[in-house]
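Q:
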Amino acid sequence: MPKRCRPPCSCWHPRAAWRCCGTIPAPRRSSLSTWRRTVTGLWKRDGNMTDKLHENILRDAWLRRRFLARLAGVIAGSTLLSGLPWMAPLRAQPVGASPSDRVRIGVIGIGSRGSLLLQYLLRTPGVEIAALCDDYPPNLLAAMAAAAGKPTAFTDYRKLLAMPGLDGVVIATPLHEHAPMCLDALAAGKHVFCEKSLALTVDECKAIARAAQASGRVFQVGHQRLFSASFLHAHEVVQTGQLGPITQIRASWHRNNDWRRPVPHPALERKLNWRLYRAYSGGLMAELASHHLQVANWYLDAAPLSCVGYGSINHWKDGREVFDNVNVLFRYRDGVTFIYDSLISNRHHGLEIQVMGPKGTIEGESGKLYLEQPPPAPAIAALVNQIERGSAETLAIGGPTWKPESKAGTAGQQLRRELGDDDGTILSMAAFANAIRAGRPIPHMIDHAYRSGIAALMGQAAMDQGREIAWPGNYN
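Read in full-length UniProt numbering, the sequence shown has 241 at position 241, and its numbers run on one by one without any break.
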């Protein structure tokens with residue numbers, strides 16, 4: 001039977017021999033090495049801390065210098081960073097130009113995504129991680145070890161928000177916690193970076209968007225493709241008419257796993273596997289589709305008018321409540337459609353979004369541009385041309401005819417990737433820090449967050465209710 005954490009905490013952990021409630025102050029400098037050895041020992045005892053993580057901590061100073069040099073070169077040399085308003089914080093000044101403009105950040109929620117954001121923030125010049133918060137002790141211990149024990153640790157986010165001198169927070173918690181945490185953080189005067197999707201309900205999305213707009217604070221949601229070099233270049237291609245008018249966008253996100261996390265005790269099932277339960281999660285629409293919905297809304301410069309869809313649980317029948325496959329179609333103005341499907345029982349088609357027009361296609365995730373060269377001839381003209389060339393073939397069902405269209409076999413042109421394989425997350429963290437430093441909200445961030453969050457909820461509602469769902473209106 002696992003030990004119970006000390007009152008008033010209600011969490012469980014098989015080896016919870018340490019106190020996990022309230023505030024855990026950072027150690028004094030004289031005891032820092034002892035504290036780090038203790039935390040590292042606990043972590044290794046649980047089998048979660050690796051030598052590789054320890055090496056990353058020791059290499060942090062070198063990584064900061066390398067990142068600064070790389071980022072400065074990108075900002076100075078890229079034309080992609082000059083045309084879009086949310087790039088303004090990156091153009092305004094070098095990131096962390098002097099020690100005096102250091103930004104103090106607290107991170108709330110340090111699971112798989114939150115720990116990745118923490119690593120990026122630790123490498124972002126001019127950012128100080130002042131506080132960490134998680135109500136699951138292993139996550140909190142890992143984060144404190146990664147941050148070398150310097151931040152103040154909390155298990156109650158409200159105590160973190162009351163911490164003096166804190167500039168902003170990064171929220172990477174389960175979806176059902178986004179609304180109360182964002183609203184409380186904005187009310188406390190903090191700048192907010194919240195992971196996608198915006199919230200669990202339409203009313204919550206509207207409340208957050210209105211509060212963010214009224215606050216005058218920086219508010220950003222984790223749609224990193226807004227800062228991805230390949231997606232920025234793809235947007236430039238669309239805007240300059242190289243594809244012609246967009247006629248359709250298609251996207252898929254296919255995996256082959258059960259989407260579960262290991263659970264050390266049955267009492268932690270819903271806490272650790274929150275993505276699988278409707279009370280906490282928006283399922284595949286919120287966790288995956290929201291990314292490509294944001295891209296579709298961005299490239300079309302519009303919100304969807306309505307959507308239809310179908311989803312089910314047809315493979316992972318293990319007690320989960322969210323669908324393991326979703327298929328939705330969104331209707332935009334001028335008859336343009338966005339078709340999306342996701343499943344977690346086959347990964348053959350993987351992850352991709354295709355933006356299509358009569359002159360070409362962009363594949364955003366792979367960063368490829370395929371131009372239609374030459375434009376396809378009308379059917380009769382194609383038949384005449386093939387007969388004249390002697391290339392007409394016989395199909396099994398009839399006489400001589402022309403070849404049916406097949407997938408283009410061209411290699412495509414590679415879109416620019418100024419930051420290599422970075423998906424935009426590094427730049428999004430830097431933009432958040434610089435926007436806080438400048439004291440000005442990033443333009444259009446609230447609209448991007450609201451449109452994608454609402455669209456994800458529309459898709460889920462269409463599948464749940466078996467009918468077409470209309471856009472519920474703007475927050476303002």
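Ideal placement from N, C-alpha and C gives every residue a C-beta, glycine not left out.
As the structure is a prediction and not an experimental result, all values here were calculated from the model.
Exposed or buried, S290, counting other C-beta atoms within 10 Å across all chains shown (16 or more means buried)?
A: Here residue 290 refers to the residue found at position 290 when the sequence shown is read from its first residue. Answer is buried; the Cβ neighbour count reaches 16.
Q: Could you tell me which residues DSSP puts in a beta bridge with M128?
A: Here the question's residue 128 lines up with position 128 in the sequence shown. Per the sequence shown, residue 128 should be read as Glu rather than Met. E128 pairs with R104.
Q: In whole angstroms, what separates the C-alpha of W316 from that of I344?
A: Taking the first residue of the sequence shown as 1, we reach residue 316 at position 316. Taking the first residue of the sequence shown as 1, we reach residue 344 at position 344. Rounded to the nearest angstrom, the two C-alpha atoms are 9 Å apart.
Q: Anyone know if the C-beta pair for P151 and A130 falls short of 7 Å?
A: Counting from 1 along the sequence shown, the entry for residue 151 is found at position 151. Counting from 1 along the sequence shown, the entry for residue 130 is found at position 130. Yes, they are a contact pair.
Q: To the nearest whole angstrom, what separates the beta carbons of Q213 and I446, a pair I think is in contact under 8 Å?
A: Taking the sequence shown and counting its residues from 1, the one referred to as residue 213 is at position 213. Taking the sequence shown and counting its residues from 1, the one referred to as residue 446 is at position 446. 6 Å between Cβ atoms; contact.
Q: What does the alpha-carbon distance come out to for the pair N183 and V127?
A: Here the question's residue 183 lines up with position 183 in the sequence shown. Here the question's residue 127 lines up with position 127 in the sequence shown. Reading off the sequence, residue 183 comes out as Leu, not Asn. Approximately 23 Å between the Cα atoms of the pair.
Q: Below 8 Å, can you find three or more Cβ-Cβ pairs linking the segment 353-362 to the segment 238-254?
A: Yes, the segment 353-362 is in contact with the segment 238-254.
Q: Quick check: is the beta carbon of H444 nearer than 7 Å to any beta carbon in chain B?
A: Here there is only one protein chain, and chain B is not present.
Q: Once the 5 residues before and after L300 are set aside, which same chain residues still bring their CB inside 7 Å of it?
A: Translated into positions along the sequence shown, residue 300 becomes position 300. Within the same chain, L300 has close Cβ partners I246, Y332 and V336.
Q: For H235, which of L415, R437 and M463 has the nearest alpha-carbon?
A: The residue given as residue 235 occupies position 235 in the sequence shown. Nearest C-alpha to H235: L415.
Q: Going by C-alpha to C-alpha distance, which of Y136, P89 and W86 sits closest to N273?
A: Position 273 of the sequence shown holds residue 273. Answer by Cα proximity: Y136.
Q: Classify S342 as helix, strand or coil using the three-state DSSP reduction.
A: In the sequence shown, the residue the question calls residue 342 occupies position 342. The answer is strand: DSSP assigns S342 an E or B state.
Q: Between A179 and I208, which are expected to be in contact by the criterion C-beta below 8 Å, what is the C-beta distance as a whole number of angstroms?
A: As a first step, residue 179 must be located in the sequence shown, where it is residue number 179. As a first step, residue 208 must be located in the sequence shown, where it is residue number 208. 6 Å between Cβ atoms; contact.
Q: Per DSSP, V170 forms a beta bridge with which residues?
A: For this step, residue 170 is matched to residue 170 along the sequence shown. Beta-bridge pairing links V170 to V107 and F193.
Q: Out of F227, Y370, L175 and D258, point me to the one whose CA is closest to G424's CA.
A: To locate residue 424, count along the sequence shown from 1; it is residue 424. Out of F227, Y370, L175 and D258, F227 has the C-alpha closest to the C-alpha of G424.
Q: Grab the span of the alpha helix (DSSP H) containing M429 for me, first residue to last.
A: Locating residue 429 in the sequence shown gives position 429, counting from the first residue. Where M429 is concerned, the enclosing alpha helix (DSSP H) stretches over T425 to A438.
Q: On the three-state DSSP scale, how would you describe A462?
A: Within the sequence shown, the letter at position 462 stands for residue 462. Correct three-state label for A462: helix.
Q: List the endpoints of the continuous beta strand (DSSP E) containing L369.
A: By 1-based counting over the sequence shown, the position of residue 369 is 369. Where L369 is concerned, the enclosing beta strand (DSSP E) stretches over K368 to L371.
Q: Only counting the same chain, and skipping five residues up and downstream in sequence, which positions put a Cβ closer than 8 Å to that of A461?
A: Locating residue 461 in the sequence shown gives position 461, counting from the first residue. Same-chain partners within the cutoff: I469.
Q: Indicate whether I436 and H191 have their beta-carbon atoms separated by less than 7 Å.
A: Taking the first residue of the sequence shown as 1, we reach residue 436 at position 436. Taking the first residue of the sequence shown as 1, we reach residue 191 at position 191. The answer is yes: Cβ separation under 7 Å.
Q: What are the boundary residues of the beta strand (DSSP E) that includes W253?
A: Translated into positions along the sequence shown, residue 253 becomes position 253. Counting along the chain, the beta strand (DSSP E) containing W253 begins and ends at Q248 to H254.
Q: Report the rounded CA-to-CA distance for G244 versus L371, giving the unit in angstroms.
A: The residue you call residue 244 lines up with position 244 of the sequence shown. The residue you call residue 371 lines up with position 371 of the sequence shown. Cα to Cα, the separation comes out at about 10 Å.
Q: State the beta-bridge partners of Q220 as determined by DSSP.
A: Translated into positions along the sequence shown, residue 220 becomes position 220. The partner list for Q220 (beta bridge, DSSP) reads F193.
Q: I need the DSSP call for I469, collapsed to helix, strand or coil.
A: The count along the sequence shown starts at 1 and reaches residue 469 at position 469. Looking at I469 - three-state DSSP - the assignment turns out to be strand.
Q: Give me, in chain order, the residues of the same chain whose beta-carbon lies closer than 8 Å to that of P262; leave out the 5 immediate sequence neighbours on both sides.
A: Taking the first residue of the sequence shown as 1, we reach residue 262 at position 262. Cβ neighbours of P262 beyond the five flanking positions: L272.
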